[in-house]
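Working notes, beginning with the structure itself.
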Amino acid sequence: MADSTSERDEHSTASELAAWAFCPRAWAWRYRDGVAADDEQLARGRQAHQRHADEVFQRRRLLRWVQLGVLVLLAGLALAWFLVGR
Amino acid sequence: MRLPILAPFLLSPRLALAALASLVLLVWLGVFLYARSTGLPISARIVAVDQRGWSAPARPYTSMRYHLVGRPDYVVSVRGREIPVEAKPTRRGPVRPWDVVQLGAYLLLTEEATHQQPRYGLLVYRDRTYRIRNSRRLQRTVLQALAQVQAARAGQAIERYPLPRARCATCGYRRRCRPGF
Chain A
1 MADSTSERDE HSTASELAAW AFCPRAWAWR YRDGVAADDE QLARGRQAHQ
51 RHADEVFQRR RLLRWVQLGV LVLLAGLALA WFLVGR
Chain B
1 MRLPILAPFL LSPRLALAAL ASLVLLVWLG VFLYARSTGL PISARIVAVD
51 QRGWSAPARP YTSMRYHLVG RPDYVVSVRG REIPVEAKPT RRGPVRPWDV
101 VQLGAYLLLT EEATHQQPRY GLLVYRDRTY RIRNSRRLQR TVLQALAQVQ
151 AARAGQAIER YPLPRARCAT CGYRRRCRPG F
């Protein structure tokens with residue numbers, strides 16, 4: 001998402017290149033003149049990124065537990081299948 | 001009233017077990033699709049994330065060669081190779097060229113940090129995930145943008161670059177840049 005300000009003192013950042021590719025004047029406002037963009041827009045972006053990361057990890061965790069449960073259940077069902085056949 | 005529906009299962013326990021197994025698999029499929037809808041490939045392991053509260057915090061990649069630094073939103077490992085992921089969770093397709101430039105910069109940085117060239121990077125939008133090929137053309141575009149940024153930082157006038165007016169509506173500086181917008 002955003003690369004920190006201390007890192008860009010000597011180096012260009014990847015997000016700086018994106019700003020340049022978007023519009024050189026927007027780049028100049030933000031990175032050369034140090035003018036903050038629309039705060040609301042920035043905050044919305046940050047929240048969306050945090051929410052996305054939360055969703056990614058929570059859903060992956062849920063999937064892991066469900067996979068474990070499915071394996072146990074299928075093993076139980078296979079055993080039941082075997083016992084029913086006897 | 002429900003007995004006739006259940007009757008085959010009661011008569012054949014194996015049929016009941018097969019139905020139960022199908023139900024379990026259906027639940028698994030639903031959760032799988034739910035997890036996959038975040039845009040990151042499920043089979044890939046998340047190596048780093050640029051957000052608080054989760055393990056595997058991202059470290060910035062720094063390139064002394066290009067004087068470039070960056071921290072991808074996610075780095076995932078696919079068959080032993082690290083792949084940078086740029087997430088734009090509020091954005092829908094089509095792919096924006098400036099997002100591709102940012103991802104291209106991460107591809108350069110990842111290659112230098114891991115000594116392995118990623119074949120592609122992932123651009124995650126709200127409605128779909130795009131696989132962006134790490135081509136020579138993309139590398140050239142990124143290096144060109146980098147040279148222009150470095151020249152502008154050194155004092156080169158930016159007025160020589162045309163103003164992409166179609167983008168003004170979504171720009172966070174529109175009111176400062178063009179008063180009365």
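Protein chains in written order, with the numbering used here: chain A, 1 to 86; chain B, 1 to 181. The C-beta atom is built at its ideal place from N, Cα and C for all residues, glycine as well.
Counting the other CB atoms within 10 Å of its CB gives alanine 48(B) a total of 16 or more, which places it among the buried residues. Looking only at Arg32(A), Ala78(A), Phe57(A), the smallest Cα-Cα distance to tyrosine 74(B) is reached by Phe57(A). Pairing leucine 40(B) with valine 76(B) gives a Cβ-Cβ distance under 8 Å. The beta-carbon distance between proline 72(B) and proline 84(B), rounded to whole angstroms, is 4 Å. This is short enough to meet the 8 Å contact definition. Between phenylalanine 82(A) and chain B, the shortest Cβ-Cβ separation is not below 8 Å. A residue is called buried once 16 or more other Cβ atoms fall within 10 Å of its Cβ, and tryptophan 29(A) is buried on that count. Against chain B, a Cβ distance below 8 Å from alanine 48(A) picks out Pro89, Thr90.
Cβ-Cβ distances below 7 Å link threonine 141(B) to Val101, Gly104 in the same chain, with the five nearest sequence neighbours on each side left out; the list follows chain order. Going by DSSP, tyrosine 34(B) is part of the alpha helix (DSSP H) stretching over 13 to 36. For serine 22(B) and glycine 76(A), the gap between their C-alpha atoms comes out near 14 Å. With respect to chain A, the C-beta atom of isoleucine 5(B) has no partner C-beta closer than 8 Å. Alanine 48(A) is positioned such that its CB atom lies closer than 8 Å to that of proline 89(B). Burial of histidine 52(A) is indicated by the presence of at least 16 other C-beta atoms within 10 angstroms of its C-beta. Only residues of its own chain outside the window of five on either side were considered, and among them Val95, Leu123 have a CB closer than 6 Å to the CB of tyrosine 130(B), listed in chain order.
For aspartate 127(B), same chain residues with a beta-carbon under 8 Å away, outside a window of 5 residues either side, are Arg92, Gly93 in chain order.
Residue-level contact by beta carbon holds for alanine 105(B) and chain A, with a gap shorter than 8 Å.
For the pair glycine 70(B) and tyrosine 106(B), the CB atoms are nearer than the 8 Å cut-off. Minimum Cα-Cα distance from valine 31(B) among the listed residues Arg59(A), Pro24(A), Ala21(A) corresponds to Arg59(A).
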